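**Student:** To start, I am sharing the structure in question, which I have written as structure tokens.
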Amino acid sequence: MTLDALRTVEAFTDPSCVRELQAGETLFCEGDQGERLYGLLEGAIELRSASSPALERITAGHVFGAAALATGEHRRQVTAVALEPCRLLELGREEFLFALQETPMFALALIAGLEERLEQAKACGS
5 MTLDALRTVE
15 AFTDPSCVRE
25 LQAGETLFCE
35 GDQGERLYGL
45 LEGAIELRSA
55 SSPALERITA
65 GHVFGAAALA
75 TGEHRRQVTA
85 VALEPCRLLE
95 LGREEFLFAL
105 QETPMFALAL
115 IAGLEERLEQ
125 AKACGS
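Note that the sequence shown ends on residue 130 in the numbering used here; no numbers are left out.
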């Protein structure tokens, strides 16, 4: 299901807006205002917080950061750092809402992707 969400992000993102990060580069920091959702095309991103240096590893094919678009004044709860060279798509709030309106299954794909990530985190914590 995560790939379906990524395909939707790809469909609603200008192909010239691919963002590239080098290993060790920070995408966003804990406390930043969230204004974008990300679809990871290549590479790996680690989510970290002040209380936990390695919360989760996001791999290619996954979409993350959707909470930033669900509320107007969202602050990032984690810091996202590239573990290796990455290519990402960025989707702003306006495009996100349009994607949800035009492709309602996008919402289900996002929820399924979140569920998959929670299950992985739970398995790693056991």
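Every residue, glycine too, gets a C-beta built ideally from N, C-alpha and C. Because the structure is a prediction, the values reported are computed rather than measured.
Quick one: what's Gly43 bridged to in DSSP?
**Tutor:** Paired residue(s): Val67 and Leu93.
**Student:** Using C-beta distances below 7 angstroms, list every residue in its chain close to Gly35, excluding the 5 sequence neighbours before and after it, in chain order.
**Tutor:** For Gly35, where only same-chain residues beyond five positions count, the Cβ hits under 7 angstroms are Arg79 and Arg80.
**Student:** Looking at C-alpha atoms only, which residue of Phe32, Ala74 and Pro19 is the closest neighbour of Ile115?
**Tutor:** Of the candidates Phe32, Ala74 and Pro19, the one whose C-alpha sits nearest the C-alpha of Ile115 is Ala74.
**Student:** Under a three-way DSSP split, which group does Leu51 fall into?
**Tutor:** Correct three-state label for Leu51: strand.
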